[in-house]
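Take a look at the structure set out below.
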Ligand SMILES: [Fe+2]
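In this note's numbering, the protein residues as written are 19 to 601.
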């Protein structure tokens, strides 16, 4: 049975499952080169079907993530409003909008509720119409179709992708989706699912974090990781901001320990910050927001464990992209086993929707790796290189041992980009679309940051660490309990880690966000790092995503070459070729 899971909206993505096994997965951003693209992923459907040697008539079921489908324009509006504070609207509509935003939550909801209902109805009807047109164009309009609610997608993706087994608890949390911001589900030994708690979007812990991101002048739904990165630089007086501004905002519902409650509507949290946080230091605000999510989520987990006695847990939804939160959860005594879905934002909902349908029919198979995207053969890569070498001065060679050559260049202290095999699914590089550097030299940090990535100065890089070296660098790491293969959790660092991986750790708190690699998952990448270890004694490399500032992780040879050409990068190992850009 072939199932196509589709998430249309922010981070639009598609997954193809055959008989419960993931065949391929790709996000629209990889094709249109727009980070978190919300364009309907029609091109992705075409690419995945072609890659699998299928036509649309071979698809038995289409699983759509989300019950509520919004039209494309609503995502443009969302960002415009978030970024510009609604100032772009003018005239009567602008005045009404300003009034609606300015009024206290209760009054605004009372006065504008009929207008909002109408607006919502129209949006959803337009969204459904657009979806129908897109499916028609993809040849899928007549295929049996099911809509799976947003948080069920998050939960299904985490549970099935990570080889879920009962009895277990599944926690989902995000800004909101289908009007829900968090859920807890119990799965028993026989595999029966029971939803124990649902939190609405008015008590959204993820919504608070996004509003804080916006308040700090960064892009919500995208730059939350920057707030997390900033938080460790705050001093203890961030506690005052936490107690006064953040702590009162949300708590565990005393009537239902599986859900959150809020004394204020968290959809108005940005206004709350404007009223109470102006004048507070930016790092203290970041630290207070981080403390809030850590404390409330840990309390939520502890109550759920206390109520059910279940000590194995799975986590999905955008909130769990926060690796510092995940670190606290992983260290929590209440749980014996913790499983975090990599790239668990809405891009994972195409996967969750497909798994939800597959699970109705029989067994699902977990993801054994994330290299699920597009691969290019040597011929295709060479054709691309030829186009670039016509107008640029490039030295292109084909070394016998490319991995060994890259390790040698890295050991000399140079930075090398790597494009190999199929692109990894999700937001983080797992080595196939990567920029690599020597992790034990601080110059690596400055070179990659200043000449290539142009990131904010407080943001750390991360390492890929060989499984054999992980116990030397990571505190409390174990392959059985905390394997960390996807850069989705963080660890405190042991002394050798602080020196040998100094360019790849968070300088504010000394933590590492590693990809711990076992050879079976990616043999060529593993051997490259092992060759680097043979030369330097360091069993790890600094690994950051192959992209330019503000762009998605590269997927195609052309995107990789554009990154080489438009940055301070000198070396790119692409397919079997080593490209050196002449100064
Ligand atoms: Fe979500």
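Yeah, the Cβ is synthetic: ideal placement off N, Cα and C, and Gly gets one too.
Backbone secondary structure at residue i - three-state DSSP
i           : result
residue 189 : strand
residue 57  : coil
residue 597 : strand
residue 509 : strand
residue 203 : strand
residue 33  : strand
residue 343 : helix
residue 100 : Only weak support is given to the placement of residue 100: the predicted model assigns it a pLDDT of 46, under 50, and the value that follows is read from those uncertain coordinates. In this structure, residue 100 counts as helix in the three-state DSSP scheme.
residue 52  : coil
residue 321 : helix
residue 406 : helix
residue 519 : coil
residue 292 : helix
residue 575 : helix
residue 395 : coil
residue 277 : strand
residue 414 : strand
residue 335 : coil
residue 389 : coil
residue 164 : strand
residue 584 : coil
residue 39  : strand
residue 23  : strand
residue 28  : coil
residue 591 : strand
residue 269 : strand
residue 361 : coil
residue 330 : strand
residue 83  : strand
residue 45  : strand
residue 482 : strand
residue 500 : coil
residue 355 : strand
residue 316 : helix
residue 369 : helix
residue 158 : coil
Exposure of residue i, with buried meaning 16 or more beta-carbon neighbours within 10 Å
i           : result
residue 590 : buried
residue 567 : exposed
residue 405 : exposed
residue 595 : buried
residue 232 : buried
residue 46  : buried
residue 308 : buried
residue 584 : exposed
residue 187 : buried
residue 342 : buried
residue 531 : buried
residue 354 : exposed
residue 255 : exposed
residue 431 : exposed
residue 55  : buried
residue 266 : exposed
residue 513 : exposed
residue 475 : exposed
residue 210 : exposed
residue 509 : buried
residue 301 : buried
residue 143 : exposed
residue 134 : exposed
residue 137 : exposed
residue 379 : exposed
residue 242 : buried
Residue i CB to nearest heavy atom of ligand 2 below 6 angstroms
i           : result
residue 174 : Absence of ligand 2 is noted for the structure shown, with ligand 1 being the only ligands found.
Whole-angstrom C-beta distance between residue j and residue i, which should lie under 8 angstroms
i           : j           : result
residue 478 : residue 523 : 6 angstroms
residue 470 : residue 587 : 6 angstroms
residue 295 : residue 245 : Not confirmed; about 13 angstroms, so no contact.
residue 338 : residue 357 : That pair is no contact at about 10 angstroms.
residue 559 : residue 457 : 6 angstroms
residue 328 : residue 593 : Between residue 593 and residue 328 the Cβ distance is about 47 angstroms, and since that is not below 8 angstroms, they are no contact.
residue 49  : residue 66  : Residue 49 to residue 66, Cβ: 11 angstroms. No contact.
residue 548 : residue 484 : 6 angstroms
Item to complete: Under 5 angstroms from any heavy atom of ligand 1, by CB: list those residues in chain order, please.
Response: 192, 195 and 364
Discussion item. Quick check on the DSSP output: what are the complete beta strand (DSSP E) runs of length 3 or more inside the stretch 433-470, in order along the chain?
Written reply: 434-437 and 451-455
Discussion item. Ignoring anything shorter than 4 residues, give me the alpha helix (DSSP H) runs that lie fully in the stretch 525-572, in order along the chain.
Written reply: 541-554
Worksheet item: If you scan the stretch 195-247 from start to end, which runs of the alpha helix (DSSP H) of 4 or more residues do you find wholly inside it?
Response: 223-233
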